[in-house]
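Peer 1: So that we are looking at the same thing, I have put the structure below in structure tokens.
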Amino acid sequence: MKRTVLVGVVFLLSVLLFSVAWAQKPYEIAVVVKIAGIPWFNRMAEGVEQAAKELGVNAYLVGPATADPAPQVQMVEDLVTRGVNAVCVVPNDAKALAPVFQKAREKGIVVITHESP
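Using UniProt numbering, read the sequence shown as starting at 1 and increasing by one per residue.
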């Protein structure tokens, strides 16, 4: 299972990297999880860090301290404002995040969600 998560993260980052290989600045990918600091997402963070090194991108994992959609929405909004190239989100509440996902897409930011419709 852990290997599957790692392979999935590496694949995801590979696809994102090669979709904009022409970019001048380092490609920035933020992974936003439901809740930071739990073993499942800690392991995912290791995969994100490993993939970032292998692919030469700036990728990192962030998440709220509690499984509350409000801080997760704020985190994604902050990332959109910063102008990251891609956000990969494990939503606490997909409907709450829909408006900020739309804003990200309008700015040309790749949005990928998983573990949620």
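Glycine residues also receive a C-beta, built at the ideal position from the N, C-alpha and C atoms.
Touch check for the stretch 78-90 and the stretch 22-35: three-plus C-beta pairs under 8 Å?
Peer 2: yes
Peer 1: Helix, strand or coil for Asn58, going by three-state DSSP, please let me know.
Peer 2: Here the question's residue 58 lines up with position 58 in the sequence shown. Of the three classes helix, strand and coil, the one that applies to Asn58 here is strand, per DSSP.
Peer 1: How big is the Cα-Cα spacing for Thr66 and Lys34?
Peer 2: Position 66 of the sequence shown, counting from 1, holds the residue named residue 66. Position 34 of the sequence shown, counting from 1, holds the residue named residue 34. Taking the straight line from one Cα to the other gives about 8 Å.
Peer 1: Please list, in chain order, all residues of the same chain as Pro26 whose beta carbon is under 7 Å from its beta carbon, the five residues on each side excluded.
Peer 2: Taking the first residue of the sequence shown as 1, we reach residue 26 at position 26. Answer for Pro26: Val57 and Asn58, listed in chain order.
Peer 1: How big is the Cα-Cα spacing for Ser116 and Gln24?
Peer 2: Residue 116 sits at position 116 when you count from the first residue of the sequence shown. Residue 24 sits at position 24 when you count from the first residue of the sequence shown. Distance between the alpha carbons of Ser116 and Gln24: 33 Å.
Peer 1: Report the CB separation of Val62 from Met75 in whole angstroms; it is logged as a contact under 8 Å.
Peer 2: As a position in the sequence shown, residue 62 is number 62, starting the count at 1. As a position in the sequence shown, residue 75 is number 75, starting the count at 1. Rounded, the Cβ-Cβ distance is 6 Å, consistent with contact.
Peer 1: Use the C-beta contact count for Ile38: other C-beta atoms within 10 angstroms, 16 or more gives buried, fewer gives exposed.
Peer 2: As a working mapping, residue 38 is identified with position 38 in the sequence shown. Looking at its Cβ environment, which holds fewer than 16 other Cβ atoms inside 10 Å, Ile38 is exposed.
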